[in-house]
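The structure under discussion appears below in the form of structure tokens.
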Amino acid sequence: MLRRQFLRVAYRAAAAISSHLLTAKTALAAWPASLFAAGDFTSQFQRVHGEQAIRDSDAIRISLPEIAENGAVVPITVSSDLSDIQRLYLWVEKNPTPLAAEIELDASLAVYLTARIKMAESSHVTVIARQGENWLRNRRWVKVMQGGCGTG
Amino acid sequence: MEASIKIRGRRLANCTEIKLLISHPMENGRNRDPVSGNLIPAHFIRELVVQLNDKTILTANLGGSMSMNPFFSLRLKNHPVGGRLTVRWLDNLDNSDSAELLLE
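Chains as they are written, first to last, in the working numbering: chain H, 17 to 168; chain X, 3 to 106.
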């Protein structure tokens with residue numbers, strides 16, 4: 017009985033230590049909480065991109081449904097033939113937390129990314145791409161038939 | 003814990019397409035439990051890291067606007083045959099998981 021209890025405690029301790037190690041190894045960088053905070057799009061966008069000059073560009077291609085039946089799952093594909101796109105930002109302008117994702121891409125990846133985003137209501141979806149010193153923008157309007165309660 | 007990450011690799015003409023499907027509730031903290039009416043606490047993946055042969059090729063910081071059970075696809079230039087692809091996530095409650103795929 018004692019031995020069994022000891023084994024159980026030892027097992028739990030080992031599990032706790034290994035999961036702690038795993039967490040420590042996984043935490044590569046601090047998650048930038050302020051960028052993902054709730055707030056209106058204009059002020060959050062300002063917080064992330066500041067006074068950076070951003071140029072509208074059709075070279076950043078966005079594929080989104082024109083009408084989304086279910087705002088809880090809206091598929092988005094961002095792609096470009098431009099080289100040197102190092103970073104992408106996905107913004108859902110009318111969501112309570114407008115920044116959906118900030119993504120760093122290595123040069124070994126093509127500029128091609130598919131994801132699924134939540135949309136609380138009909139909104140522009142804006143993609144910002146960083147290409148070296150240049151910042152590019154494109155956006156699409158998506159009409160959302162049913163925004164999930166509390167989405168975004 | 004059951005594996006939370008599914009990885010698929012597929013050769014296309016000039017690239018290898020990688021698809022990731024992760025089981026995760028991605029609760030943003032603003033939904034209410036339909037039975038109790040209480041707010042469901044935030045529980046979402048904040049960081050996703052993809053490595054190829056231990057070199058980081060994609061880092062994503064994610065917010066509560068990503069859908070439940072996140073799906074991603076990306077494209078590796080060329081065909082890194084024999085490459086070892088590693089996917090790792092970390093959520094706001096410090097849970098994490100990882101998975102690997104050997105590219106054919």
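Virtual Cβ for every residue (Gly too), placed ideally from N, Cα, C.
Ranked by Cα distance from X/Gly66, the first of H/Gln147, H/Trp157, H/Met135 and H/Val158 is H/Met135. The beta-carbon separation of X/Ser69 and X/Glu19, rounded to 20 Å, does not stay under the 8 Å limit for a contact. X/Ile59 reaches chain H at Leu121, Asp122, Ser124 and Leu125, counting residues in chain order whose Cβ is nearer than 8 Å. Per DSSP, reduced to three states, the secondary structure at X/His81 is coil, with no helix or strand assignment. Annotated three-state conformation of H/Thr113 is coil, per DSSP. Residues of chain X whose Cβ lies closer than 8 Å to the Cβ of H/Phe61 do not exist; the shortest such Cβ separation is about 14 Å.
Straight-line measurement puts the Cα of X/Leu105 at about 5 Å from the Cα of X/Gly85. The three-state secondary structure of H/Ser139, taken from DSSP, is strand. Taking C-alpha positions only, H/Asn150 is separated from H/Thr93 by approximately 21 Å. Using a CB distance cut-off of 7 Å, X/Glu102 does not count as an interface residue toward chain H.
In the displayed model, X/Val51 falls within a strand according to three-state DSSP. By the Cβ neighbour-count rule, H/Thr113 is buried, with 16 or more other Cβ atoms within 10 Å of its own.
Annotation for H/Ser79: the continuous beta strand (DSSP E) segment containing it runs Arg77 to Ser79. Identification of chain H residues near X/Leu54 by a Cβ-Cβ cut-off of 7 Å yields Ser124, ordered along the chain. Distance from the CA atom of X/Leu95 to the CA atom of H/Glu67, rounded to whole angstroms, is 34 Å.
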